[in-house]
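J.:
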Amino acid sequence: MTFKVEHTDNASDARAGVITTAHGQIKTPIFMPVGTCGAVKGVHFSELREQVKAQIILGNTYHLYLRPGLDIIKTAGGLHRFNTWDRPILTDSGGFQVFSLTGIRKLREEGCEFRSHIDGSKHIFTPENVMDTERIIGADIMMAFDECPPGNSDYDYAKKSLKLTQRWLDRCVKRFNETEPLYGYEQSLFPIVQGCTYKDLRRDAAKHVADKGADGNAIGGLAVGEPTEVMYEMIEVVNEILPKDKPRYLMGVGTPQNILEAIERGVDMFDCVMPTRNGRNAMLFTYNGTMNMRNKKWEYDFSPIDSEGCELDRIHTKAYLHHLFKAQELLAMQIASIHNLAFYLRLVTDARQHIEQGDFTSWKRSVIDNLGRRI
């Protein structure tokens with residue numbers, strides 16, 4: 019994998035670049051639709067390509083490991099062949115699931131023992147077997163195994179958690195270097211910066227990660243309950259240390275406003291379930307603000323969902339989408355999910371264009387307040 023910064027913004031740390039992988043190029047800044055189980059909920063791959071303009075999707079190691087399981091994925095020839103997505107894929111390591119499975123998991127030096135949320139069966143993730151699992155899945159970008167502590171963790175717990183994550187990272191790198199890709203193309207490993215909301219821990223984590231010389235680096239453990247301004251501060255602290263010639267991936271973030279603020283601070287890659295999850299609940303993101311399509315105000319509104327949006331936005335009216343949600347038609351969730359994903363990709367594409375033009379900061383200021391409005 020290679021990364022080239024092509025343009026930088028004069029008034030901020032925003033930059034536009036290109037990541038080149040075995041399955042194609044990714045123009046940054048980029049948003050990655052979340053395909054947890056090898057599919058983006060309610061959205062066919064043809065729609066991801068043609069309507070959403072997705073360049074890369076994300077899969078989840080924990081979920082794919084449990085279902086369909088590694089034997090099926092390996093026999094199929096990797097996730098790309100199994101699900102027929104021919105563009106880049108990034109896999110999470112399962113670290114966030116370690117965080118979210120509190121109550122049915124046990125952390126120890128070896129790894130994380132947990133019970134399946136599907137059938138209660140017992141499993142263990144270690145840095146070594148997670149690397150092996152991600153090799154079998156065959157993602158272009160593999161994430162290191164980590165612990166994601168709660169946003170309100172006290173200092174002692176956050177420090178203890180970070181040291182465990184760092185020891186796990188050392189083991190991930192060792193295993194990654196000892197093993198080979200299975201399907202004839204190279205894979206990249208991204209370490210993850212943790213450290214909760216403590217500046218000294220974040221700096222320590224960023225230095226440890228930067229020293230690995232990986233193809234790219236991720237910032238984890240944010241948007242998990244801490245105030246938004248604290249999240250932005252942590253990004254600034256970390257990005258002062260992470261190498262500028264490698265892509266920076268902010269995991270699990272966030273709202274359109276979060277994304278623009280993070281781009282301004284030098285982040286290149288994003289993922290979040292918000293576009294599809296909110297879409298399934300009738301919430302649509304637009305440059306004018308957020309629309310709740312169940313509201314009666316849209317009942318007689320025969321204007322396009324978004325006249326500047328994707329093809330489906332221009333074809334269908336607000337009144338029709340309102341009707342679909344009221345009638346509980348599955349098509350409502352599909353149209354809304356496609357709209358939101360297409361909007362997120364349009365947002366980062368527009369950000370890239372304004373970075374290239376040299377006016378990103380002024381453009382961001384002109385749109386960011388409206389993005390947070392309720393229409």
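Numbered by this note's numbering, the letters in the sequence shown go through residues 19 to 393 in order. In this text, a Cβ means the ideal position worked out from N, Cα and C, and glycines have one as well. Keep in mind that this is a model prediction, so the values were computed, not measured.
1) So the candidates are P199, L200, E198, L240; which of them puts its Cα closest to the Cα of I210?
2) Across the segment 154-165 and the segment 93-106, are there enough close Cβ pairs to call them in contact, namely three or more that are closer than 8 Å?
3) DSSP state of S171, grouped into three classes?
4) For the candidate residues P261, T20, D31, whose alpha-carbon lies nearest to that of Y250?
5) Going by beta-carbon coordinates alone, are V61 and L359 separated by less than 8 Å?
6) For T26, which residues from the same chain have a beta carbon less than 6 Å from its beta carbon, with the 5 sequence-adjacent residues on both sides left out?
7) Which runs of the alpha helix (DSSP H) at least 4 residues long sit entirely within the segment 62-119? Give them in chain order.
8) Look up D289 in the DSSP assignment and give the residues it is bridged to.
9) Check each candidate in L219, M301, K225, K230 and name the one with the smallest Cα separation from L207.
10) Can you give the beta carbon distance from R283 to E254, rounded, assuming they're within the 8 Å contact cut?
11) Check R312 in the structure and name its three-state DSSP category.
12) Going by the beta-carbon positions, is the gap between E91 and L84 smaller than 8 Å?
13) Using only the alpha-carbon positions, how far apart do G87 and T79 sit?
14) Tell me which residue opens and which closes the beta strand (DSSP E) that H372 is part of.
15) Would you mind working out which of F21, G56, P47 sits nearest T39, comparing C-alpha positions?
16) Is the closest heavy atom of the ligand ADP to the C-beta of V285 under 7 Å?
17) Mapping DSSP to helix, strand and coil, what is R14?
18) Just confirm the distance between the C-beta atoms of P106 and I74, as a whole number of angstroms; I'd bet it's less than 8 Å.
19) How would you call R9, buried or exposed, if buried means at least 16 neighbouring beta carbons within 10 angstroms?
20) Flag this pair as yes or no: are the beta carbons of I393 and M309 separated by less than 8 Å?
21) For R332, I'd like the list of residues in its chain whose CB is within less than 7 Å of its CB, leaving aside the five on either flank, ordered along the chain.
T.: Considering the structure as presented:
1) The closest CA to that of I210, considering only P199, L200, E198, L240, is found on L240.
2) In short, these stretches touch, since the Cβ pair count reaches three.
3) Three-state DSSP puts S171 in coil, outside helix and strand.
4) Nearest option by C-alpha distance: D31.
5) Cβ atoms of V61 and L359: closer than 8 Å.
6) Excluding sequence neighbours, T26 sits near R33.
7) Those alpha helix (DSSP H) runs which fall completely within the segment 62-119 and span 4+ residues are 79-84, 88-94, 97-101, 113-118.
8) In the DSSP output, where bridge partners are listed per residue, D289 has M50, V271.
9) For L207, the closest C-alpha among the options L219, M301, K225, K230 is that of K230.
10) Contact between R283 and E254 holds: their C-beta atoms lie close to 6 Å from each other, under 8 Å.
11) Three-state DSSP puts R312 in coil, outside helix and strand.
12) The sequence shown places Ile at residue 91, rather than the Glu named in the question. If you check the CB distance, I91 and L84 do not come in under 8 Å.
13) One C-alpha to the other measures close to 10 Å.
14) Taken as a continuous stretch (DSSP letters only), H372 belongs to no beta strand (DSSP E), being part of the alpha helix (DSSP H) at 348-375.
15) Comparing Cα-Cα distances from T39 to each of F21, G56, P47, the minimum goes to F21.
16) Because no ligand of any kind appears in the structure shown, any question about the ligand ADP cannot be addressed here.
17) The structure shown has nothing for residue 14, since the chain only spans 19 to 393.
18) About 4 Å separates the two Cβ atoms, so the contact holds.
19) This structure cannot speak to residue 9, because the chain is shown only from 19 to 393.
20) Yes.
21) Within the same chain, and ignoring the five residues on either side of R332 in sequence, the residues whose Cβ sits closer than 7 Å to its Cβ are P322, S325.
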